[in-house]
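What follows is a set of notes on a single structure, which appears directly below.
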Amino acid sequence: MNILYMEITLRASWVHSLKEKRMIVKSIVQKLKNKFNISVVEAEEQDIHKKIVIGIVGLCANSAQSDSTMENIINFIESNTDAEIIDIQKEDIRR
């Protein structure tokens, strides 16, 4: 069994308030949870309205499934939000 861990940083340059940011974060977090059955949370930078940091954790049966899931998550985020991905930290922990 593998533990998938990702921290994805996004830049939403058009956002002008924390309220706008919260709407974007809430939407993408819920979509990710529903699609991939993973744990998702806004991890850092909660007071900066143009920067979104999303933490993702999930369980996978093996390394191949973990790698595939990570790529699918990245593609899903790119296609479901206008925010630009500026950093991705990935880790696959084998147990």
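Note that the sequence shown covers residues 931 to 1025 in our numbering. Glycine residues also receive a C-beta, built at the ideal position from the N, C-alpha and C atoms.
Query, Result
"How big is the Cα-Cα spacing for N932 and E1008?", "24 angstroms"
"What residue range is occupied by the uninterrupted beta strand (DSSP E) comprising I938?", "932 to 941"
"Comparing alpha-carbon positions, which option in I986, N992, F1006 lies nearest K1020?", "I986"
"Are I968 and I1015 closer than 8 angstroms when you measure CB to CB?", "no"
"Does the pairing of the region 971 to 991 with the region 935 to 949 give three or more beta-carbon distances under 8 angstroms?", "yes"
"Please return the same chain residues whose Cβ sits closer than 8 angstroms to the Cβ of E972, not counting the five positions on each side in sequence.", "V955, V959, I982, V983, I984, G985"
"Take V970 as the anchor and find which of I1018, D1017, D1012, Y935 has the nearest alpha-carbon.", "Y935"
"Based on DSSP bridge pairs, tell me the residues matched to V987.", "Y935, S969"
"According to DSSP, is I954 helix, strand or coil?", "helix"
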